[in-house]
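Here's the structure, in structure tokens; my notes come after.
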Amino acid sequence: MNVAQLKRIINKYLAGNASGKEAALIDTWYDNALEEARQTPVCHQSEAHRQLVLERLRLEMEEIPTGKVIRFSRLRNIAAACVVLLGGASLAWKYQYDMLDAIDPIPMETVIASAFQVKQLVLPDSSVVVLNAGSEISYPRRFRGKKRQVHLNGEAFFNVTHNAAAAFTISAPHLQVQVLGTSFVMADSSHIQAARVSVKTGRVAVSAETKGFPATQLVANQELFYDEAGGTVNINRHHEVDLGWTNKQLVFNNVALSEVFGEIENLFQVKIQVSDTSIRQLTFTGAFDAGDPLPDMLRVIALSYRLTIQHHKDGTINISH
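The sequence shown begins at 1 in the UniProt record's numbering and counts up one residue at a time.
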């Protein structure tokens, strides 16, 4: 969005045709501009700017018919326009993406890994994420401006594409992590009170909204563990990150074969029939690598319990003793 587009929106605002989101954002700009003005030391440039704003206000006032009662909100609107239009492009640029997010929000994507599935995805900036079983991530269909922000609930491995102009931020139930380009594992779920961040390469900054949480930087082979219940933060400075699970596709730990077959059916779009219900009650522990073909998966299960597998022409698979 350029300054000309911003001006058009401001003109809509002054004419009373702006949407509620547009009007609210202009009001926010005005409030922020006043706060910045209070904190900015007086100099020749700021005094010149003040004179420009006052002159613009005077001209706007002259255009209002004599005797007409002017509400404070109208004066506020005029002042807001002056601040944005005459405050230089700096103020407009500073909040341009906030304005775009309010007026034209980017649709979000949500990816969920099932209870036994490890799922890999590529984000709009080419960063790679591997979700562990039962985890969820939300992110915009495209990143806008100087921020790349995603939301995680669960565990994931991130291999973030480097971009010095746009920090990559992950928000989770307990922790927030910010990076420029690195690889690490983050485990933070709303279902548990503990969270951890394990860095494989590069450097990350970890923070939390919890009072007293120390903003912490981690480098390669360091892990931060945060226990919300006890309010403790521990850092292991000699930790080798285990990424073995990221190469898996399906992971089962003492899971009934009925659920194992269900996951395989969903993954390969096949139908598995079991001749004896007792087979479904058997439990299985094991993991299959990404790319393992269906026959190999079924062969592992069959050998574990001495089962027989039959493939039918219609695509149905029959498993029996």
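The beta carbon of each residue, even a glycine, is placed where N, CA and C say it ideally should be.
Verify whether the separation of the beta carbon atoms of residue i and residue j is less than 8 Å.
i, j, result
"S127", "V177", "no"
"E265", "F116", "no"
"E109", "S138", "yes"
"D227", "A194", "yes"
"K200", "L243", "yes"
"Q154", "S189", "As written in the sequence, residue 154 is Gly, which differs from the Gln given in the question. Going by C-beta atoms, G154 is nearer than 8 Å to S189."
"K248", "V118", "yes"
"T216", "F157", "no"
"V197", "L218", "yes"
"N254", "T285", "yes"
"V260", "I317", "no"
"A133", "K146", "no"
"A208", "L175", "yes"
"L294", "F268", "yes"
"H191", "L180", "no"
Run through DSSP, which three-state label would residue i get?
i, result
"L218", "strand"
"Q269", "coil"
"N247", "helix"
"I192", "coil"
"R280", "helix"
"I112", "strand"
"E22", "helix"
"V197", "strand"
"I301", "helix"
"E259", "helix"
"T182", "coil"
"D292", "coil"
"D227", "strand"
"K211", "coil"
"T285", "strand"
"R203", "strand"
"R141", "coil"
"R148", "strand"
"K119", "strand"
"I106", "coil"
"T161", "coil"
"V84", "Unreliable positioning characterises V84 in this predicted model, as indicated by a pLDDT of 49, which lies under 50. The coordinate reading is nonetheless provided below. Helix."
"F72", "Any answer about F72 is weak, because its pLDDT of 44 lies below 50 and its placement is not dependable; what the coordinates show is given next. Three-state result, F72: helix."
Under a CB-based cut-off of 8 Å, is residue i close to chain C?
i, result
"V128", "Included in the structure is just one protein chain, with no chain C present."
Mind checking whether the beta-carbon of residue i lies closer than 7 Å to any heavy atom of the ligand ZN?
i, result
"F288", "This structure does not include the ligand ZN; it has no bound ligands of any sort."
Nearest-angstrom Cα distance between residue i and residue j?
i, j, result
"H151", "R203", "19 Å"
"S275", "I319", "6 Å"
"R148", "A164", "11 Å"
"I170", "F184", "12 Å"
"A220", "E22", "44 Å"
"I309", "L298", "8 Å"
"V251", "K12", "56 Å"
"I70", "L25", "Residue placement at I70 is poorly supported in this model, since its pLDDT is 43, which falls under 50; the coordinates still yield a value, given next. Rounded to the nearest angstrom, the two C-alpha atoms are 22 Å apart."
"Q273", "H238", "49 Å"
"G20", "I106", "18 Å"
"I9", "A18", "7 Å"
"D314", "L307", "21 Å"
"T277", "H312", "20 Å"
"D125", "F143", "7 Å"
"V111", "P173", "17 Å"
"E240", "V129", "19 Å"
"F213", "V122", "31 Å"
"S114", "A187", "16 Å"
"R141", "T182", "21 Å"
"T28", "A287", "52 Å"
"D292", "E223", "31 Å"
"T210", "D296", "48 Å"
"Y305", "F168", "47 Å"
Between the Cα of residue i and the Cα atoms of the options, which residue gives the shortest distance?
i, options, result
"F225", "V206, L243, S258", "V206"
"Q120", "D289, D314, L307", "D289"
"H321", "R299, V300, I279, T182", "I279"
"S258", "T283, F143, V122, Q269", "T283"
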